[in-house]
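Peer 1: Heads up: the sequence lines are chains F and G, in that order.
Under the working numbering, think of the first position of the first sequence as 1, with each following residue one higher.
Under the working numbering, think of the first position of the second sequence as 1001, with each following residue one higher.
Think of the CB as a built atom: it goes at the ideal place given N, C-alpha and C, for glycine as much as any other residue.
Sharing a structure below in structure tokens format, with a few things to ask.
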Amino acid sequence: MGYSADLKGNNIEIDAGIKTCLAILLGVVSSFCNNGLDLVYFTLYLVVITVLLKSNLKFILKNLASYGIIFVFPYLCGLLLSLLMSKLFPGAAYLNNFNIEATLFKMVKLFFIWYIGSLYFFTTPFTAIVDMLNKVFFPLNSLGVPVAKHLNMVMCIVDELTKSVGQFKQDIMEQARRIFKNKHLGIKTKSKELSNILVNFIANSLQRTDEIQNQVELPNVSDSQYTLRISKNEILAILSFVIFLMFFFANL
Amino acid sequence: MNKKKRDAIIIILICNAILISLLELIIPIPIPVPGVKLGLGNIITIIAIAFLDLKDVLTIVLLRCVVVAVLSKGITVLPFSLTGGLLSAVIMWLLYKYLSRVFSIKGISIIGAITHNLAQLIVASLILREIVILYYLPILLISAVITGLITGTISELTVREIKKRDIFAEII
């Protein structure tokens, strides 16, 4: 599922809180990119931290592809359609002051923020993030905002998914695959068969309500284990960020 | 129904929504446009609208978006999925509760899909600060009608069967 569950032994571990702060600050700094050289500095820094966090080229390419599908493709389609409309209906208010350089710049800056977010979640254990969030937002619980409860629910969901995905792929997906491979069945019949599978699946899953209820009641995250840790890795991370900032803002 | 039981049902439904989304890998989508998905997980949203209250529906949508964003695509997708998900859930809930004589579940699903796509496009336009991206709307509207119809058809059959078997009545 693209889940960075177990990164032990394969990753430089940095305290989740410090990593969060650095990720947010880096995202803010990306908004200060004003020219090509800034983009180059920023890209180089991202490549360095990608390598240090032991991610890989496949990860970068996957992110580029996702970003392309969600932002670039719709933008290009919109651009093409607006150009077409301006040819078909000249004189209407289409594409005034279109500036491709400015648009490309915006897209690259946005990709930086996208990439920083992905890299953060790819290289930080989920439990560490939840623990840290529980500690940081704990005061909100006394104001009536059920942060601990919802974080607890998120942990239960992730646990349940990890337990059930194998069985689901084996049973339900296999049944669905057989239905949709059958060329003799029409769309209506396939829909009916699929809905029967889903109803049985939902009914069976709801039988576990009492079991899940007990898990929800367990003090999963209300007593957060998170404590801020400063070691060699955290100091190196902060130092590298400071050095990057010095180069970056010296150019401004 | 006590709060813990309600939370347990919400957790189960969210897991179901995420797992059901995996079926999109098998079911061929009749729209060859990158990024367009069937949205089978919304079947669970419609089931929640039919059997639970609005607060639970919105909790399901919110937590599902957060879990999916964290597990697969990164947190940057969250503004899109949350805006589209929450807005379409509210619209579908209103239509189901007050206009169910006018709109079938299929119709509600189509309107929900249109709302979802429109909201995501507006968010993308605001983030990029580009109007041009809104010209993608016709493609998204057509895909929303098709995917909404498919999901709505399956949802209608599923809700009918769940009502017939009284599945939620046994639990609640």
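May I ask you to list, following chain order, the residues of the region 189-205 of chain F that have a beta carbon less than 8 Å from some beta carbon of chain G?
Peer 2: Hits within the stretch, in order: S191, K192, L194, S195, N196, L198, V199, F201, I202, A203, S205.
Peer 1: Taking the alpha carbon of Y115 of chain F as the reference point, which residue from F:F32, F:L245, F:Q213, F:L26 has its own alpha carbon closest?
Peer 2: Of the listed residues, the one whose Cα sits closest to Y115 of chain F is F:L26.
Peer 1: Can you confirm whether I69 of chain F, when its beta carbon is compared against all beta carbons of chain G, has any partner nearer than 8 Å?
Peer 2: Output row for I69 of chain F: interface = yes.
Peer 1: Could you check what DSSP says for I230 of chain F in three-state terms: helix, strand or coil?
Peer 2: In this structure, I230 of chain F counts as coil in the three-state DSSP scheme.
Peer 1: Classify D1056 of chain G as helix, strand or coil using the three-state DSSP reduction.
Peer 2: Helix at D1056 of chain G.
Peer 1: Does the count of Cβ pairs from the region 150-169 of chain F and the region 1001-1018 of chain G closer than 8 Å reach three?
Peer 2: Judged by Cβ distances under 8 Å, the region 150-169 of chain F makes contact with the region 1001-1018 of chain G, as three or more pairs qualify.
Peer 1: Can you say whether H1116 of chain G is buried or exposed, counting buried as having 16 or more other CB atoms within 10 angstroms of its CB?
Peer 2: Classification for H1116 of chain G: buried.
Peer 1: Taking 8 Å as the CB-CB cut-off, is N1042 of chain G touching chain F?
Peer 2: Taking Cβ atoms only, chain F never reaches closer than 8 Å to N1042 of chain G, which makes this a no.
Peer 1: Does DSSP put K8 of chain F in a helix, a strand or coil?
Peer 2: Interpretation of K8 of chain F is limited by its pLDDT of 43, a score under 50 that renders its predicted location unreliable; the figure taken from the coordinates is listed afterwards. If DSSP states are grouped into helix, strand and coil, K8 of chain F belongs with coil.
Peer 1: I need the straight-line Cα distance from D210 of chain F to D1007 of chain G, nearest angstrom please.
Peer 2: So the two alpha carbons sit approximately 11 Å from each other.
Peer 1: Given this structure, state the Cα-to-Cα distance separating S30 of chain F from Y120 of chain F, to the nearest angstrom.
Peer 2: Rounded to the nearest angstrom, the two C-alpha atoms are 15 Å apart.
Peer 1: Please go through the same chain and pick out, in chain order, the residues whose beta-carbon is closer than 6 Å to the beta-carbon of M1092 of chain G, but skip the five residues on each side of it.
Peer 2: Closer than 6 Å at Cβ, skipping near neighbours: I1049, I1108, G1112.
Peer 1: G1035 of chain G and I69 of chain F look like a contact to me (Cβ under 8 Å); what is the Cβ gap, rounded to whole Å?
Peer 2: Confirmed, about 4 Å.
Peer 1: Is the region 1014-1029 of chain G touching the region 1057-1064 of chain G, taking contact as three or more C-beta pairs under 8 Å?
Peer 2: In short, these stretches touch, since the Cβ pair count reaches three.
Peer 1: What residues in the region 1004-1018 of chain G bring their beta carbon closer than 9 Å to a beta carbon of chain F?
Peer 2: Flagged, chain order: K1004, K1005, D1007, A1008, I1009, I1010, I1011, I1012, L1013, I1014, C1015, N1016, I1018.
Peer 1: Taking the straight line between their C-alpha atoms, what separation do you get for F168 of chain F and N204 of chain F?
Peer 2: Roughly 12 Å separates the two Cα atoms.
Peer 1: Taking Cβ-Cβ distances below 8 Å as the criterion, which residues of the region 153-165 of chain F are in contact with chain G?
Peer 2: Those would be M153, V154, C156, I157, V158, E160, L161, S164, V165, in chain order.
Peer 1: Would you say P1034 of chain G lies against chain F (beta-carbon separation less than 8 Å)?
Peer 2: By this cut-off, P1034 of chain G is an interface position.
Peer 1: Say whether chain F places a C-beta atom closer than 8 Å to the C-beta of T1115 of chain G.
Peer 2: Answer no: the Cβ-Cβ gap between T1115 of chain G and chain F never drops below 8 Å.
Peer 1: Given that a residue counts as buried once 16 or more other Cβ atoms are within 10 Å of its Cβ, and exposed if not, what is G17 of chain F?
Peer 2: Answer is buried; the Cβ neighbour count reaches 16.
Peer 1: If you follow the alpha helix (DSSP H) that D131 of chain F is in, where does it begin and where does it stop?
Peer 2: First-last of the alpha helix (DSSP H) with D131 of chain F: 126-136.
Peer 1: Return the CA-CA distance between S240 of chain F and E234 of chain F, expressed in angstroms with no decimal places.
Peer 2: Approximately 10 Å between the Cα atoms of the pair.
Peer 1: According to the neighbour-count rule (16 or more other Cβ atoms, all chains shown, within 10 Å of its Cβ), is N214 of chain F buried or exposed?
Peer 2: With fewer than 16 Cβ atoms within 10 Å of its Cβ, N214 of chain F is classed as exposed.
Peer 1: Let me check understanding here. Comparing Cα to Cα, which of G:C1065, G:I1114, G:K1164, G:L1052 lies closest to G1152 of chain G?
Peer 2: Considering only alpha carbons, the answer is G:I1114.
Peer 1: From D1166 of chain G to I129 of chain F, what distance separates their C-alpha atoms?
Peer 2: Spanning the two alpha carbons is a distance of roughly 39 Å.
Peer 1: If you check the beta carbons only, do F122 of chain F and S164 of chain F fall under 8 Å apart?
Peer 2: Cβ atoms of F122 of chain F and S164 of chain F: not closer than 8 Å.
Peer 1: To the nearest angstrom, how far is the alpha carbon of F1103 of chain G from that of V1159 of chain G?
Peer 2: Distance between the alpha carbons of F1103 of chain G and V1159 of chain G is about 15 Å.
Peer 1: At what residue ranges does the region 144-223 of chain F contain a whole run of the beta strand (DSSP E), taking only runs of 3 or more?
Peer 2: Correct list: empty.
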